[in-house]
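Just below is one structure, and these are the notes that go with it.
2 protein chains.
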Amino acid sequence: MSKATIYDVARVANVSIKTVSRVLNGEPKASPETRARVMEAVRSLNYTPSLSARALSGSRSFLIALVSSGGVSDNAMLYVTELQMGAIQACRAGGYHLLTEYIDGGATDFGALVETLVSTLRVDGVILIPPLCDDPKLLALLAERGATCVRVSPTLDGTADQNWGWGIDIDNYQAAFQMTRHLMDQGHRDIGFIQGHPKHAAAAQREAGYRDALFDGGPIPERLIQPGLFTFNSALPAARALLEQKRRPTAIFAANDSMAMAVLSVAYKMGIPVPGALSVAGIDDLPAASVVCPPLTTVRQPIMEMGAAAARFIINRTAGQVGNYLKQVFDHSLVVRESTSPPAEPAAHAAFSLAATPDFR
Amino acid sequence: MSKATIYDVARVANVSIKTVSRVLNGEPKASPETRARVMEAVRSLNYTPSLSARALSGSRSFLIALVSSGGVSDNAMLYVTELQMGAIQACRAGGYHLLTEYIDGGATDFGALVETLVSTLRVDGVILIPPLCDDPKLLALLAERGATCVRVSPTLDGTADQNWGWGIDIDNYQAAFQMTRHLMDQGHRDIGFIQGHPKHAAAAQREAGYRDALFDGGPIPERLIQPGLFTFNSALPAARALLEQKRRPTAIFAANDSMAMAVLSVAYKMGIPVPGALSVAGIDDLPAASVVCPPLTTVRQPIMEMGAAAARFIINRTAGQVGNYLKQVFDHSLVVRESTSPPAEPAAHAAFSLAATPDFR
DNA sequence: GGATGCGGGGACAGCGCTGTCATTCAGTCC
DNA sequence: GGACTGAATGACAGCGCTGTCCCCGCATCC
Chain A
1064 MSKATIYDVA RVANVSIKTV SRVLNGEPKA SPETRARVME AVRSLNYTPS LSARALSGSR
1124 SFLIALVSSG GVSDNAMLYV TELQMGAIQA CRAGGYHLLT EYIDGGATDF GALVETLVST
1184 LRVDGVILIP PLCDDPKLLA LLAERGATCV RVSPTLDGTA DQNWGWGIDI DNYQAAFQMT
1244 RHLMDQGHRD IGFIQGHPKH AAAAQREAGY RDALFDGGPI PERLIQPGLF TFNSALPAAR
1304 ALLEQKRRPT AIFAANDSMA MAVLSVAYKM GIPVPGALSV AGIDDLPAAS VVCPPLTTVR
1364 QPIMEMGAAA ARFIINRTAG QVGNYLKQVF DHSLVVREST SPPAEPAAHA AFSLAATPDF
1424 R
Chain B
1064 MSKATIYDVA RVANVSIKTV SRVLNGEPKA SPETRARVME AVRSLNYTPS LSARALSGSR
1124 SFLIALVSSG GVSDNAMLYV TELQMGAIQA CRAGGYHLLT EYIDGGATDF GALVETLVST
1184 LRVDGVILIP PLCDDPKLLA LLAERGATCV RVSPTLDGTA DQNWGWGIDI DNYQAAFQMT
1244 RHLMDQGHRD IGFIQGHPKH AAAAQREAGY RDALFDGGPI PERLIQPGLF TFNSALPAAR
1304 ALLEQKRRPT AIFAANDSMA MAVLSVAYKM GIPVPGALSV AGIDDLPAAS VVCPPLTTVR
1364 QPIMEMGAAA ARFIINRTAG QVGNYLKQVF DHSLVVREST SPPAEPAAHA AFSLAATPDF
1424 R
């Protein structure tokens, strides 16, 4: 009970340790009877193989690292948490384990990180999340050491994706496009937008979706578009800038939920009723999104699924199955809650609205 | 560059591998010059020891597991995330690594979990968070296998703390007591309370703090106390029950922030202005607490610190230093934001309020 | 002078697995 | 019939470290 080894199992099953190893690793050469005998011994001894020994002698470590750039205890961290949960689930299913590493916001000592990951831990793969997943230095180092990596919501769009790892994402363009259309369907035309972090590709894609949905390539009133960094605080000034205009937008679409919450907060302080006088929408469907007042209309990404897929990819790849895609795109879905509604004075801004709703394309 | 081993270092430094090992592990027997020579070789080769090899041959694995019972993607998960960040920081400082394991909400197959932790991973310690840290079965299994464990915010109060591991907490009683007094200082007497999860000791302690502060052992109008489970959803009915009373409380103190947010949400839907007609307070200072409208008055716990302390304890303990305390209590602090203010009609409820503010004790 | 102690350092045997290669025993083929 | 094939299994050598034991040389002590 204390600590059974493979030797104990071999003795009990009356086979060699190599055969035990084969059975445990699902290798082909083993007769059904032998297999059964070994499994029985394993069960009776309550045997669990040692990860260290397996890692030391074999080529797999059964370890996956999730690297994020922590530091800011922002609400958006829940994104990481959920991704992590998905990854852990997939790990457990595959006999793997998840290591979590943070790298300090400003720190760029990627060398040490990579060395630790590759040399010390010998992880079988690394899951990178924004903005780390778009750092060329980190990616280069990782690639140089031959690390398998999966990038969640990466910047590069397949084309230039020079074996910097596999990507996982949703269609940010479509998500933003659809949300914008949702607002337009409700009658909004004066829709403000708060941009995401300029270094993060999802930000650009979301903005493009918004622009195309609203203006369809036409002229763009820049006053409607304000800069943000995906964080709550970064969106406060943007929201103010939008809401203090004489002709205030009837809706604000923030590039993510954290920033949408900032809009809610500013509106609250300015005494602007939501959704009465202002509709607000975001993207991400953070757990907090359904908890704020009013609950936020947003776009849900299957974050847990994505985390699980990332881990599974690494597991399969290490096991020899090579996926030949560069990127997997997950479905998103509109979650309409109470923060959006038709604008108060439907035709008041008619002069500004477009003649007709452009077609989807 | 590719993968230096201890042999390479030994060769370059012109010493035996054992000496390299000694230097790297800070063992005493090594002259300063030798030490310097070895370190130089390590640097020049960019050497990093293999964790697996160390774990396999030595008695430490340099791994710490953080076990939480995931599943619900509640806002309160940020608590876990922050704890994790603290733990990771401490790990990095000590050359350790943090593994995160979730156990499904309902699952009680602790046997397999413990086996994995102890046998497969051979972690040097386990950090347990509520409600897992209070599960007797899990604790017994862990103790049986001799695992070092640190329980965050555990139930047992030192006394009965039968070597079930070290504990980390804040003084929940005082935190609740002080928050209640804060509300009373503002003039509130009719203060509702939403209880935490009955299986979690912090819940009981917080309730005791509230009761003692408000009633000082006197009669307790039970209508003021409603059950909750620490989750947002669980507090919705409680908040409704409190706010639909003819004589509505002028303040509601929820046993944690998630539930306080539920109060905010219900008040919003009922059209009760906060803090105008109702003050709301919580405990935890979740990141979301400062983001909701209005920002929540709450009690901050140094969660990251606590996570770091937990990891450090395990690291030190494994290194031989035995801490002889059973529990470490961290300081908390009141964070007064905008969700609390003096009640609208100061003396309206005088008939119900206590004659005088009882003394602190 | 021999016993003793101690700082400094090496030899060596594993830790518990997996990879590689060898071996055995049926069947198969011409 | 003898060489050949392939499935099932075992022998054995590490993987890269740490723990244990041992050795050397020098100072100390009666």
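Protein chains in written order, with our numbering: chain A, 1064 to 1424; chain B, 1064 to 1424. Glycine residues also receive a C-beta, built at the ideal position from the N, C-alpha and C atoms.
When the options are compared against residue i, the one with the closest alpha-carbon
i: B:C1196; options: B:P1350, B:V1072 and B:S1131; result: B:S1131
i: A:G1149; options: A:A1372, A:V1392, A:V1398 and A:P1406; result: A:A1372
i: B:M1270; options: B:P1284, B:Y1142, B:R1252 and B:N1235; result: The sequence shown places Glu at residue 1270 of chain B, rather than the Met named in the question. Nearest of B:P1284, B:Y1142, B:R1252 and B:N1235 to B:E1270, Cα basis: B:N1235.
i: B:E1401; options: B:P1350, B:A1330 and B:S1342; result: B:S1342
i: A:M1322; options: A:G1281, A:R1311 and A:A1351; result: A:A1351
i: B:Q1152; options: B:M1369, B:G1383, B:I1080 and B:F1393; result: B:M1369
i: A:N1296; options: A:D1320, A:D1279, A:F1125 and A:S1353; result: A:D1320
i: A:Y1142; options: A:A1076, A:V1215 and A:A1128; result: A:V1215
i: A:K1332; options: B:P1095, B:I1346 and B:V1354; result: B:V1354
i: A:G1291; options: A:M1367, A:R1311, A:R1310 and A:F1316; result: A:F1316
Alpha carbon of residue i to alpha carbon of residue j, nearest angstrom
i: B:G1158; j: B:A1210; result: 20 Å
i: A:L1087; j: A:A1374; result: 21 Å
i: B:G1262; j: B:P1199; result: Correcting the residue type first, residue 1262 of chain B is Lys in the shown sequence and not Gly. B:K1262 and B:P1199: Cα-Cα distance of roughly 12 Å.
i: A:T1360; j: B:P1217; result: 38 Å
i: A:Q1308; j: A:S1396; result: 32 Å
i: A:I1378; j: A:L1191; result: 15 Å
i: A:F1173; j: B:P1284; result: 59 Å
i: B:A1175; j: A:I1166; result: 32 Å
i: A:V1078; j: A:L1126; result: 29 Å
i: B:G1121; j: B:D1279; result: 56 Å
i: B:C1154; j: A:R1252; result: 52 Å
i: B:A1156; j: A:I1346; result: 36 Å
i: A:P1095; j: A:G1383; result: 24 Å
i: A:F1376; j: A:Q1391; result: 10 Å
i: A:T1403; j: B:H1245; result: 37 Å
i: B:M1140; j: A:I1080; result: 43 Å
i: A:P1312; j: B:P1312; result: 38 Å
i: B:K1066; j: A:G1281; result: 56 Å
Test item: CB-CB of residue i and residue j under 8 Å
i: B:G1089; j: B:T1381; result: no
i: B:A1302; j: B:A1325; result: yes
i: A:A1058; j: A:M1247; result: Because chain A here runs from 1064 to 1424, residue 1058 of chain A falls outside it and cannot be looked at.
i: A:G1334; j: A:A1407; result: no
i: A:L1119; j: B:A1116; result: yes
i: B:I1254; j: B:A1304; result: no
i: B:V1177; j: B:L1204; result: yes
i: B:L1114; j: A:L1184; result: yes
i: B:V1213; j: B:S1124; result: no
i: A:M1256; j: A:L1287; result: Going by the sequence as given, residue 1256 of chain A is Phe instead of Met. Yes, they are a contact pair.
i: A:A1432; j: A:E1164; result: Because chain A is modelled from 1064 through 1424, residue 1432 of chain A falls outside the range shown and cannot be assessed.
i: A:T1179; j: B:T1111; result: yes
i: A:R1106; j: A:A1093; result: no
Same chain only: Cβ atoms within 6 Å of residue i, ignoring 5 sequence neighbours per side
i: A:D1071; result: L1108
i: B:A1429; result: What is shown of chain B runs 1064 to 1424, which leaves residue 1429 of chain B out entirely.
i: A:V1181; result: R1208 and A1210
i: A:D1348; result: T1361, R1363 and V1398
i: B:I1233; result: Q1364, F1393 and H1395
i: A:A1076; result: R1100, V1101 and A1104
Nearest-angstrom Cβ-Cβ length linking residue i and residue j, presumed shorter than 8 Å
i: A:T1144; j: B:T1144; result: 5 Å
i: A:A1161; j: B:L1162; result: It should be noted that the sequence gives Leu, not Ala, for residue 1161 of chain A. Between B:L1162 and A:L1161 the Cβ distance is about 7 Å, and since that is below 8 Å, they are a contact.
i: A:T1082; j: A:T1097; result: 6 Å
i: B:F1393; j: B:P1365; result: 5 Å
i: A:V1329; j: A:L1299; result: 6 Å
i: A:Q1289; j: A:P1405; result: Rounded, the Cβ-Cβ distance is 23 Å, inconsistent with contact.
Chain-order list of residues whose beta-carbon lies under 8 Å from that of residue i (same chain, five-residue window excluded)
i: A:Q1266; result: Before going further, note that residue 1266 of chain A is Ala rather than Gln in the sequence given. If we look at A:A1266 and ignore the five residues flanking it on each side, its Cβ neighbours are Q1258, G1259, H1260, F1293 and A1318.
i: A:P1194; result: S1132, H1260, K1262 and H1263
i: A:L1146; result: L1129, I1190, I1192, V1215, I1366, M1367, M1369, G1370 and A1373
Any non-hydrogen atom of the ligand PLP closer than 7 Å to residue i Cβ
i: B:N1235; result: Although the ligand PLP was asked about, the structure shown includes no ligands whatsoever.
7 Å Cβ shell around residue i - same chain, five flanking residues per side excluded
i: B:Q1237; result: G1272
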